[in-house]
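Positions 1 to 127 (the UniProt record's numbering) are the ones given, in order, by the sequence shown.
Every residue, glycine too, gets a C-beta built ideally from N, C-alpha and C.
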Amino acid sequence: MNNARLPSKSTEATGWHTCVSDIHRPKGSHSFLGTAVKVFAKEDETSADYKAGLPGVASRVSDEFKEEFPHIKQESFSNLLRAKQCIIPNYPLPPEEGKIDILRVVVRENMSFDLLDRLIADTCLTI
Numbered sequence: 001m002n003n004a005r006l007p008s009k010s011t012e013a014t015g016w017h018t019c020v021s022d023i024h025r026p027k028g029s030h031s032f033l034g035t036a037v038k039v040f041a042k043e044d045e046t047s048a049d050y051k052a053g054l055p056g057v058a059s060r061v062s063d064e065f066k067e068e069f070p071h072i073k074q075e076s077f078s079n080l081l082r083a084k085q086c087i088i089p090n091y092p093l094p095p096e097e098g099k100i101d102i103l104r105v106v107v108r109e110n111m112s113f114d115l116l117d118r119l120i121a122d123t124c125l126t127i
C-alpha cells in the first residue's frame, strides 16, 4: 500500500488535484483539508496507521485549478498522459455523487519506485 500512498500524497501536494480515494489519509481524518501532507512516510509508519482501501489513486482536478484555468478540461490530462504511455482513464462517478469525473490509477504492489517516479513526474509535467 505504500506504493499507492506515494502518488496519492504527491498528487494532492501539487494543489492541482484533490484525491477522492482515502488510502493516504491517516485514520481519523475524513477529507482533504487543504493542508500539505508529508509525501514520504516515517520509518515506523505501517498500513495500520492509514485508512483501509484498495491500492489505487482516484483524483479530480481541484476547485482552485478549475477557477484559475476554466478552459482546461480534466479529460485533457488523461489524453496528454496517454501520449506519454501512461493510461490513466477519466471516469464519471455515479449520478448520486454529483457531476464529478475522476482520474484513476491502480498501483500494483510490485510497482518499482522508478516507475512511480516517472508517473508522478509525467503527471506534474502534463499540468
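Spatially closest choice to residue 81 from 103, 94, 92, by CA coordinates: Checking every option, the nearest Cα to that of residue 81 belongs to 103.
Considering only the alpha carbon of each residue, which of 70, 100, 122 lies closest to residue 88? The alpha carbon of residue 88 has as its nearest neighbour, out of 70, 100, 122, the alpha carbon of 122.
Around the Cβ of residue 106, are there at least 16 other Cβ atoms within 10 angstroms (buried) or fewer (exposed)? Residue 106 sits exposed, since fewer than 16 C-beta atoms from the chains shown fall within 10 Å of its C-beta.
Using the Cα positions of residue 96 and residue 20, report the straight-line distance between them to the nearest angstrom. Going by the C-alpha atoms only, they are around 15 angstroms apart.
For the putative contact between residue 15 and residue 64, defined by C-beta atoms under 8 angstroms, what is the C-beta separation to the nearest angstrom? Right, their Cβ atoms sit about 7 angstroms apart.
Tell me, please, which residues DSSP counts as bridged to residue 17. Bridge partners of residue 17: 61.
Taking only three categories from DSSP, how would you classify residue 92? Looking at residue 92 - three-state DSSP - the assignment turns out to be strand.
Three-state class that DSSP yields for residue 35 in the structure shown: Because the pLDDT at residue 35 is just 48, under 50, the model does not fix this residue reliably, and the value given afterwards should be weighed accordingly. Residue 35 falls in the coil class under three-state DSSP.
Span of the alpha helix (DSSP H) holding residue 22? Run containing residue 22: none; DSSP gives neither H nor E here.
Can you tell me whether DSSP reads residue 104 as helix, strand or coil? Residue 104 sits in a strand when the DSSP states are folded into three classes.
Counting C-beta neighbours from all protein chains within 10 Å, is the total for residue 10 16 or more, i.e. buried, or is it exposed? Burial call: buried.
Under DSSP, the alpha helix (DSSP H) around residue 97 begins and ends at which residues? Following the DSSP letters along the chain, one finds residue 97 in no alpha helix (DSSP H), marked with neither H nor E.
Can you grab the Cα-Cα spacing for the pair residue 8 / residue 118, in whole Å? Cα to Cα, the separation comes out at about 14 angstroms.
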